[in-house]
Every structure is written in structure tokens, then in C-alpha cells.
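For reference, the structure discussed in these notes is given below.
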Amino acid sequence: FFIVGTNSGVLEMDGIQRGINISGTRDRKEFARKMGLSSDIYTALPVDRYPPNPLGIYDMAGNGYDWANDWYDPDYYRNSPAENPKGPEKPTYKDYEGNYTKVMRGADLSGPFKGLTVARYSSKPDTEVTGDKTVRCVVNSLQPIK
Numbered sequence: 001f002f003i004v005g006t007n008s009g010v011l012e013m014d015g016i017q018r019g020i021n022i023s024g025t026r027d028r029k030e031f032a033r034k035m036g037l038s039s040d041i042y043t044a045l046p047v048d049r050y051p052p053n054p055l056g057i058y059d060m061a062g063n064g065y066d067w068a069n070d071w072y073d074p075d076y077y078r079n080s081p082a083e084n085p086k087g088p089e090k091p092t093y094k095d096y097e098g099n100y101t102k103v104m105r106g107a108d109l110s111g112p113f114k115g116l117t118v119a120r121y122s123s124k125p126d127t128e129v130t131g132d133k134t135v136r137c138v139v140n141s142l143q144p145i146k
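To convert, note that position 98 of the sequence shown is 98 in the UniProt record's numbering; the numbers rise steadily by one, no gaps.
If you want it as C-alpha cells, here you go:
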């Protein structure tokens, strides 16, 4: 079972991995070829290629892992506030190399079986920069931004 990022909640693929509301491998290959890029299926698509979600946010499931402000703690969300959890106040969890880690959300690319998630991952802040890491500008505000 997996959540599908389409208007109907049904996976709407035409058998050649072309997405309707999400990008498929064919969409990425065609865009890479048109732009003269060799990155093939790993090519990030323009952010507004597909419609935003009901909150007005574009492409939370693909185009890269987004850094979050939250420090990573694998146990935090078990006892966190149900509304607007902000993560631990201080870093608490270290990876196998002894580095504190931040939360990352999203996926490196989207498709019918990969990237249709906003799962929480951990990664070292500032020290690990690869092509699948992205930045999303956000405002930490309880009031809607107009």
C-alpha cells in the first residue's frame, strides 16, 4: 500500500511511466533530453511542472530531499504535540560518524513507487552536499502568509 499523489488518489499511469500529477521516468528523460542534460531520470523538473497541493506547496515528493529546521530524533514524534510539532530544541541524535543530524523530507525523485512520500530521514547538516539535497524556503509562522 502506498499513498498516491494524484487528484483522485488513484495511480494514473499509462504503462510507460509517465505521470499525471507526479513525474515519471519518461517525463524526466524527455526533459533532460530537451535541456541537453545527461542526468536522465535523475533530472529535477521545474517546480511548477505539476499543480501544488491544497496548501499551495509544489512538489513535496520529488526533485530532492529538503532540509528541515528540525533536529533529527527517531523517538521525538512518538510523544510530540499533535499540532505543529517543531522537533527537539537541541540536537540529540548522532549518526554512526558522531555527527548530529537534521530532518530531511521528500525524496530524490518521484515516481509511482518511489518518492510518493514526505517521510522523515536524517542527514548531517552542512557537511553532506550531493545533487539530491535541496533547500526549500519556508516561514515558521502560525499565521498564514498572504
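Glycine included, every Cβ here is placed at the ideal spot set by N, Cα and C. This one's a predicted model, so the numbers in the text were calculated from it and none came from an experiment.
The beta strand (DSSP E) enclosing residue i, as first and last residue numbers
i: Asp66; result: Gly64 to Trp71
Endpoints, the alpha helix (DSSP H) within which residue i is located
i: Arg49; result: Careful: Arg49 lies outside any alpha helix (DSSP H) and carries neither H nor E.
i: Thr25; result: Thr25 to Met35
Neighbourhood of residue i by C-beta distance below 7 Å, restricted to the same chain and skipping five residues each side
i: Leu37; result: Thr43
i: Tyr58; result: Val47, Asp48 and Pro52
i: Tyr76; result: Gly87 and Pro88
Same chain, Cβ closer than 6 Å to residue i, neighbours up to 5 away in sequence not counted
i: Ala32; result: Ser39, Asp40 and Thr43
i: residue 150; result: Nothing in the structure corresponds to residue 150, since the chain is present only between 1 and 146.
Cβ separation of residue i and residue j, assumed to be a contact under 8 Å, to the nearest whole Å
i: Asp70; j: Lys102; result: 7 Å
When the options are compared against residue i, the one with the closest alpha-carbon
i: Ala68; options: Ser80, Arg78, Gly56 and Pro85; result: Pro85
Cutoff 8 Å; reference residue i; Cβ partners in own chain excluding five residues on either side
i: residue 175; result: In the structure displayed, the chain extends from 1 to 146; residue 175 sits before or after that span and is not available.
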